[in-house]
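Remarks on the structure that follows.
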Amino acid sequence: MVVLEKEVERKNILLILKNTRKALKTEDVLLLRDMSNRTIHGVSIYKDPDSIVIAVTIYALSKIIARKDYKQHKDWQVFLSRVSKDIDKAIEHLEKNNIKTFHEDMQNIRKAANNISGSLKHYIKDVFRMAQINKASRIYEHGISRAETSRLLGITQFELAEYIGKTGIADVTLSLTTPIKERIKFTRSLFT
Amino acid sequence: MINSKKALIFDSGSIITLALNNLLYTLEPLKKAFGGEFYIPGAVKKEIIDKPLKIKRFMLEALTIKSLINKKILTLVDNEQLKKETKRIIDVANKTFKTQGEHIRLLHEGETSCLALFNLIDTKKKAIVIDERTTRMLCEAPENLRKLFEKKLHKKVKTERINYDFFRKFKIIRSSELAFIAYKKGIIKLPANSRESLRAILYATKYKGCAISNTEIEIAKTL
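For the protein sequence lines, the chains are A and B, in the order given.
Under our numbering, the residues of the first sequence are numbered 886 to 1077, in order.
Under our numbering, the residues of the second sequence are numbered 21 to 243, in order.
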């Protein structure tokens, strides 16, 4: 299902985008992360592509804003101004319920890195890729399978495996099922 | 039905864990020690060979896995019967939990095709080697999965309890248990005592995505 078809969800995403705009102006990294996390529940339940794009984009922006050294780059202001304009447009089009143009605006935020040069361009592209993996890990943490999560975020299971291995997801008490002694006993029985 | 004396069915994650730890070489001697077949469904092949072959960073792993199929260490199963059974199971799995009027689509074709293949293999000595926790929880502790959804989504989650029984029959092991056996059978040799070696091996599987807990590792190293 498409989340934006629900009026309450459309308003929720509008609020998230307005807060994102505010957080970008004030360089509020924590607010950006909070806004990104708010969309994850929607992704887990509805598998909504818009929620995925928004979660990844805002998380990536939070990582980019957090890096002070990149603000010295000559193209930094160009990038920031382009992103801010695209967020303004996305808000405007979503308010008018113009979903198709809203999708283009969201895509343009990611493409903003194409207009800049050198290391900043590569850094921003890497951040977006890492943001996809981070969000995939969060969805897996919510109880969705690894393969389904990889499909949703458009990443390989190899990338996700390396990332989730470093998290504490496997240590959550609810994840513990058959006791290890029993599982090893069963495995040994298969090999005899 | 597939006739096999013994069978292990591999999901993507378990092969990925072995590949990322350079432990794929253990599969050939493990298969000999097992005395049965090692299967992978077509949907899993897509995840561990076809997709990563297009990514420079994982091409080597994909090709190494492909060589295991070429050498018939892993047997590929991809037929209409499997696809039909996969669809039947995915429909049940993805209609087990419901929140806010929506079913939670929790499984993918990859994991589900392993469950389907398990049903199609005619032997009692069989298991699925799966490292990710969602499928394992659905089969072994579905109520824990419902509680996890509620905790993470902050929403009430309803369940089709009749489906719990449907998944109870599947037997699951992980790459960590396989690596444990590989060490005990002398396939993996390390310059350390048993406890240290097992600790190293099991943490290596954990850090490459196998859903095994610290507590489980600390118990396993003493066994």
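Note that beta-carbon positions come from the ideal geometry of N, C-alpha and C, so glycine has one too.
Residues near residue i by beta carbon distance below 7 Å, same chain, minus five either side
| i | result |
| --- | --- |
| F78/B | P72 |
| A975/A | L902, F987, D990, M991 |
| T37/B | D151, S195, T225, K228, G229, C230 |
| S1035/A | A1021, T1041, Q1042, L1045 |
| M157/B | N164, L165 |
| I232/B | R194, S196, L222, T225, K226 |
Neighbour list for residue i in chain A, Cβ cutoff strictly below 8 Å
| i | result |
| --- | --- |
| N139/B | Within 8 Å Cβ-Cβ: nothing; N139/B doesn't reach chain A, min ~18 Å. |
| K176/B | Under the 8 Å cutoff, chain A gives no residues; its nearest Cβ is about 12 Å from K176/B. |
Straight-line Cα distance separating residue j from residue i
| i | j | result |
| --- | --- | --- |
| L96/B | F187/B | 24 Å |
| L1005/A | Y955/A | 7 Å |
| L1037/A | N213/B | 43 Å |
| R125/B | I984/A | 25 Å |
| R995/A | T905/A | 15 Å |
| T1063/A | L88/B | 30 Å |
| I1029/A | R153/B | 9 Å |
| L168/B | L900/A | 28 Å |
| I1024/A | D913/A | 24 Å |
| N999/A | I1049/A | 30 Å |
| F1013/A | D971/A | 16 Å |
| L909/A | N1019/A | 20 Å |
| K76/B | I1001/A | 25 Å |
| I1009/A | I950/A | 10 Å |
| R895/A | K171/B | 24 Å |
| F30/B | Y59/B | 6 Å |
| L243/B | Y203/B | 12 Å |
| N922/A | I939/A | 10 Å |
| K1066/A | A199/B | 15 Å |
| I925/A | D142/B | 41 Å |
| A136/B | F1076/A | 23 Å |
Chain A contact for residue i (CB, 8 Å cutoff)
| i | result |
| --- | --- |
| T46/B | no |
| Q101/B | no |
| A136/B | no |
| I232/B | yes |
| T119/B | yes |
| N42/B | no |
| E236/B | yes |
| E122/B | yes |
| P61/B | no |
| K209/B | no |
| T116/B | no |
| I110/B | no |
| E105/B | no |
| M21/B | no |
| T84/B | no |
| I75/B | yes |
Under 8 Å by beta carbon: chain B residues contacting residue i
| i | result |
| --- | --- |
| T1072/A | A147, I193, E197, L198, F200, I201 |
| D1056/A | S233, N234, T235 |
| Y931/A | E122 |
Partner residues on chain B for residue i, Cβ-Cβ distance less than 7 Å
| i | result |
| --- | --- |
| Q1042/A | S32, G33, I36, E67 |
| G1050/A | K226, Y227, K228, G229 |
| R1036/A | H128 |
Interface residues of chain A facing residue i [CB-CB closer than 7 Å]
| i | result |
| --- | --- |
| G130/B | A1032 |
| L168/B | G1028, L1059 |
Cβ shell of residue i (< 6 Å), same chain only, five flanking positions each side left out
| i | result |
| --- | --- |
| K241/B | R215, L218, R219 |
| I68/B | S32, I35, I85 |
| T155/B | E131 |
| H1027/A | S929 |
| I271/B | Outside the modelled stretch of chain B, which goes from 21 to 243, sits residue 271/B, for which no answer is possible. |
Amino acids of chain B, ordered along the chain, whose beta-carbon sits closer than 9 Å to that of residue i
| i | result |
| --- | --- |
| T911/A | Those do not exist, as T911/A stays about 28 Å from chain B at its closest Cβ, beyond 9 Å. |
| K1066/A | I239, A240, L243 |
| S936/A | Simply none; closest approach about 13 Å. |
| L1075/A | K26, L28, F54, G56, K145, K146, A147, K191, I193, I201 |
Cβ of residue i within 8 Å of any chain B Cβ
| i | result |
| --- | --- |
| T1062/A | yes |
| F1013/A | no |
| H1027/A | yes |
| K896/A | no |
| L1059/A | yes |
| R918/A | no |
| E980/A | no |
| E1047/A | yes |
Contacts of residue i in chain A (Cβ-Cβ under 9 Å)
| i | result |
| --- | --- |
| F78/B | T1041, F1043, E1044 |
| A161/B | L1059, S1060, L1061, T1062, T1063 |
| P49/B | Per Cβ cutoff of 9 Å: no residues; P49/B is ~11 Å from chain A at best. |
| N183/B | In chain order: nothing, as chain A lies at least about 15 Å away. |
| F15/B | Because chain B is modelled from 21 through 243, residue 15/B falls outside the range shown and cannot be assessed. |
| R156/B | S1060, T1062, T1063 |
Contact list for residue i against chain C, beta-carbon separation under 8 Å
| i | result |
| --- | --- |
| I1069/A | Of the chains in the structure shown, none is chain C; the protein chains are A and B. |
Exercise. Would you say the stretch 110-120 of chain B touches the stretch 167-183 of chain B, given that touching needs at least three Cβ pairs under 8 Å?
Worked result: yes
For this session: Could you say if the stretch 160-179 of chain B and the stretch 117-133 of chain B meet the contact criterion of at least three C-beta pairs nearer than 8 Å?
Result: yes
For this session: Answer yes if the stretch 100-111 of chain B comes into contact with the stretch 146-164 of chain B, meaning at least three C-beta pairs across the two stretches below 8 Å, and no otherwise.
Result: no
Exercise. Is there contact here, the stretch 933-941 of chain A with the stretch 952-969 of chain A, by at least three beta-carbon pairs under 8 Å?
Worked result: no
Exercise. Just checking, does the stretch 976-985 of chain A make contact with the stretch 936-951 of chain A on the three C-beta pairs under 8 Å criterion?
Worked result: no
For this session: Please confirm if the stretch 1049-1066 of chain A is in contact with the stretch 42-57 of chain B, defined as three or more CB-CB distances below 8 Å between the two stretches.
Result: no
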